[in-house]
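In our numbering, the protein residues as written are 30 to 367. For each residue, glycine too, the CB sits at the ideal point set by N, CA and C.
(1) Assess contact between the segment 282-291 and the segment 347-358, defined as three or more Cβ pairs (one per stretch) separated by less than 8 Å. Is contact present?
(2) So what's residue 207 in DSSP terms, helix, strand or just coil?
(3) So the candidates are 303, 328, 305, 304; which of them puts its Cα closest to the Cα of residue 315?
(4) Give the C-beta separation of residue 277 and residue 254 to the nearest angstrom, bearing in mind that I take them to be a contact with Cβ-Cβ under 8 Å.
(5) How would you call residue 39, buried or exposed, if buried means at least 16 neighbouring beta carbons within 10 angstroms?
(6) Which residue spans inside the segment 144-228 form an unbroken alpha helix (DSSP H) run of at least 4?
(7) Closer than 8 Å is the cut-off here; do at least three beta carbon pairs connect the segment 162-169 with the segment 105-117?
(8) Around the C-beta of residue 163, are 16 or more other C-beta atoms found within 10 angstroms, so that it is buried, or is it exposed?
(9) Would DSSP call residue 338 helix, strand or coil?
(10) How far does the beta strand (DSSP E) with residue 72 in it reach, from first residue to last?
(11) Mind checking whether residue 205 and residue 195 have CB atoms under 9 Å apart?
(12) Under 8 Å Cβ to Cβ from residue 242, same chain only, skipping five residues before and after it: list those, please.
(13) Count the other CB atoms, across all protein chains shown, that sit within 10 Å of the CB of residue 33; report buried if there are 16 or more and exposed otherwise.
(14) Provide the residue span of the alpha helix (DSSP H) that contains residue 311, from first to last.
(15) Going by other Cβ atoms of all chains shown within 10 Å of its Cβ, with 16 needed for buried, is residue 176 buried or exposed?
(16) Give me, in chain order, the residues of the same chain whose beta-carbon lies closer than 6 Å to that of residue 348; leave out the 5 immediate sequence neighbours on both sides.
(17) So, is residue 229 buried or exposed, given that buried needs 16 or more other C-beta atoms within 10 angstroms?
(18) According to DSSP, is residue 275 part of a helix, a strand, or is it coil?
(19) Let's see if you can read the secondary structure: which residues bound the beta strand (DSSP E) around residue 115?
(20) I'd like the span of the beta strand (DSSP E) that includes residue 288, first residue to last.
(21) Taking 8 Å as the cut-off, does the segment 316-326 touch the segment 295-304 (at least 3 CB pairs, one atom from each stretch)?
(22) Taking 8 Å as the cut-off, does the CB of residue 50 come closer than this to any heavy atom belonging to the ligand COA?
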């Protein structure tokens, strides 16, 4: 982007500057643009945290980014607030850069040119993200409004995803038109890629939503391991792999602590490794109840980064759950089609 600005934008906007000045303008403007995109995503992040939704991280790309929510909003109002917060930041930045442009125009023309471009690009970012197609912000706004008006979260999601797919296909079609009619390869291919990515993201979002709905109806008791055998810590992986009747859950003494191993994962370790080296400490596991939804368990695993949990009932340990077992259940029960 800095190269594009320095070579193709600023020499025409501010004439008579040195090559070094154009490169400094391009680099500085590119940096401020990506800070603007970060501000857009921080708007989402702050709104999500105010609604009690943890954010796992932020990924930036050209026309926005993705604040990685560890769970979906619990209400239409929370989703609407989160969806509008990012474009709201972009519109605020567009206004601030426009004000800076007006202040600098005539006296500091290099800063004026930078401010004008930043104002315009923030408007574009806000406008693009407000297109009515999930998972864009505009699609989330559409889902939140439909959800609030009808009370039907499932239908609202399917409508917004359908709009997302239509929007993506329309953008890709516009790219093909530009490619064929105007012979503009850069703009055409860019629009095709954006449209294809949006259509794919919409389909993926629906699969993820359907998986979440499926998991809401299943309980931890369906996937927990209740039969566990205690194994000496010096027992090696190779010794266990030759035992066809080995339980899926293995308990290992780790000094005055207890560890646990999910047997189907043993093949991922060296055959000479002792169980004492690879066992996971039970006191470091998540704690969950057998009657909890699998979705609750999956969300807790996602938020904490832990891939195993101890199942407690009335203060007693009744089993263990491993992420690999949860994945196996999802794949077997839905044929891998999520």
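The short version:
(1) Contact between the segment 282-291 and the segment 347-358 is present, because at least three Cβ pairs lie under 8 Å.
(2) Working through the chain shown from its first residue, we reach residue 207 at position 178. In the structure shown, residue 207 sits in a helix (DSSP, three-state: H, G or I).
(3) Position 286 of the chain shown, counted from the first residue, corresponds to residue 315. Of 303, 328, 305, 304, the residue nearest in Cα terms is 328.
(4) In the chain shown, counting from the first residue as 1, residue 277 sits at position 248. In the chain shown, counting from the first residue as 1, residue 254 sits at position 225. Indeed they touch by this definition, with Cβ atoms about 5 Å apart.
(5) Translated into positions along the chain shown, residue 39 becomes position 10. Residue 39 comes out buried.
(6) 166-179, 182-206
(7) yes
(8) For the purposes of this step, residue 163 is taken as the residue at position 134 of the chain shown. Burial call: buried.
(9) Sequence index remark: in the chain shown, residue 338 carries index 309 (1-based). Looking at residue 338 - three-state DSSP - the assignment turns out to be strand.
(10) The residue you call residue 72 lines up with position 43 of the chain shown. Here residue 72 belongs to no beta strand (DSSP E); instead the alpha helix (DSSP H) covers 48-79.
(11) In the chain shown, counting from the first residue as 1, residue 205 sits at position 176. In the chain shown, counting from the first residue as 1, residue 195 sits at position 166. It is not a contact, given that the beta carbons lie outside the stated cut-off.
(12) For the purposes of this step, residue 242 is taken as the residue at position 213 of the chain shown. Taken in chain order, the residues that qualify are 183.
(13) Sequence index remark: in the chain shown, residue 33 carries index 4 (1-based). So residue 33 counts as exposed.
(14) Here residue 311 refers to the residue found at position 282 when the chain shown is read from its first residue. Run containing residue 311: none; DSSP gives neither H nor E here.
(15) On the chain shown, position 147 is the one that residue 176 refers to. With 16 or more Cβ atoms within 10 Å of its Cβ, residue 176 is classed as buried.
(16) For the purposes of this step, residue 348 is taken as residue 319 along the chain shown, with counting starting at 1. If we look at residue 348 and ignore the five residues flanking it on each side, its Cβ neighbours are 253, 254, 255, 340.
(17) The residue you call residue 229 lines up with position 200 of the chain shown. Residue 229 is exposed by the Cβ-count criterion.
(18) Position 246 of the chain shown holds residue 275. Three-state result, residue 275: coil.
(19) Position 86 of the chain shown, counted from the start, is the residue given in the question as residue 115. Looking at the DSSP string, residue 115 is not in any beta strand (DSSP E); the run it does join, the alpha helix (DSSP H), is 105-133.
(20) Looking up residue 288 in the chain shown gives position 259. Note, residue 288: beta strand (DSSP E), 286-291.
(21) no
(22) The ligand COA is not among the ligands present in this structure, which contains no ligands whatsoever.
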